[in-house]
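Following: one structure in structure tokens, then a few remarks.
Numbering (this note's numbering), first residue to last: 669 to 861.
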């Protein structure tokens with residue numbers, strides 16, 4: 669878990685995700701989470717970024733550990749980036765939705781703001797499953813009234829030059845793009861708090 673801001677009493681932005689946010693396969697100091705800390709400082713925000721992302725994490729795992737993360741870090745904002753591993757494993761969309769809703773509700777109940785970073789998956793399980801999976805993010809955001817983006821990996825996922833050799837995980841060059849994809853809703857949510 670990375671924290672970069674010096675003031676321990678600074679408001680906290682908690683990144684709660686999987687390998688896409690954990691900096692899998694790259695130096696964590698080059699991850700979009702580390703770049704977010706730099707951007708917040710450049711833009712005059714006093715927030716510290718805590719990255720509680722775990723490679724391989726599912727929404728079920730996230731739902732099981734959200735209370736502990738909230739208790740440990742007392743976040744003012746939670747950036748929720750989970751679901752890709754669920755989708756790649758063919759988990760039922762209703763279960764994914766329920767877990768994301770649980771995480772988001774617990775975050776809101778703690779007083780934290782929430783932003784949701786949507787994920788898309790390859791069509792391995794067919795069009796019907798893929799569409800149902802992708803609809804989960806819009807449904808959760810709509811039902812809970814939280815800001816979201818449709819596809820966190822926009823501009824990265826289909827560009828081999830921005831992916832590691834596994835053709836799944838973003839490389840160092842992709843990290844600023846991921847930050848730019850998420851930044852507008854992060855900024856808007858912080859400004860609304």
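Positions of the beta carbon are idealized from the N, C-alpha and C atoms, including for glycine. Quantities reported herein were computed from a predicted structural model and do not represent experimental measurements.
Residue i - DSSP class collapsed to helix/strand/coil
i           : result
residue 818 : coil
residue 840 : helix
residue 680 : strand
residue 927 : Nothing can be reported for residue 927, as the shown portion of the chain is limited to 669 through 861.
residue 861 : coil
residue 685 : strand
residue 742 : coil
residue 697 : helix
residue 691 : coil
Distance between beta carbons of residue j and residue i, contact taken as under 8 Å
i           : j           : result
residue 782 : residue 776 : 6 Å
residue 808 : residue 768 : 5 Å
residue 734 : residue 686 : Between residue 686 and residue 734 the Cβ distance is about 14 Å, and since that is not below 8 Å, they are no contact.
residue 747 : residue 854 : 7 Å
residue 847 : residue 716 : Their Cβ separation, rounded to whole angstroms, is 16 Å, which puts residue 847 and residue 716 out of contact at 8 Å.
residue 843 : residue 703 : 6 Å
residue 694 : residue 752 : Going by Cβ atoms, the distance from residue 694 to residue 752 rounds to 17 Å, so no, they are not a contact pair.
residue 764 : residue 804 : 5 Å
residue 688 : residue 728 : Actually they do not touch by this definition, with Cβ atoms about 17 Å apart.
residue 801 : residue 766 : About 14 Å separates the two Cβ atoms, so there is no contact after all.
residue 830 : residue 838 : 6 Å
residue 743 : residue 812 : Actually they are not in contact, since the Cβ atoms of residue 743 and residue 812 sit about 17 Å apart, beyond 8 Å.
Start and end residues, alpha helix (DSSP H) containing residue i
i           : result
residue 749 : Looking at the DSSP string, residue 749 is not in any alpha helix (DSSP H); the run it does join, the beta strand (DSSP E), is 745 to 749.
residue 870 : This structure cannot settle anything about residue 870, because the visible part of the chain is limited to 669 through 861.
residue 705 : 700 to 710
residue 754 : 752 to 756
May I ask you to verify whether the segment 794 to 802 touches the segment 771 to 783, counting CB pairs closer than 8 Å and requiring at least 3? no
Length at least 3, wholly inside the segment 759 to 837: the beta strand (DSSP E) runs in chain order: 781 to 785 and 815 to 817
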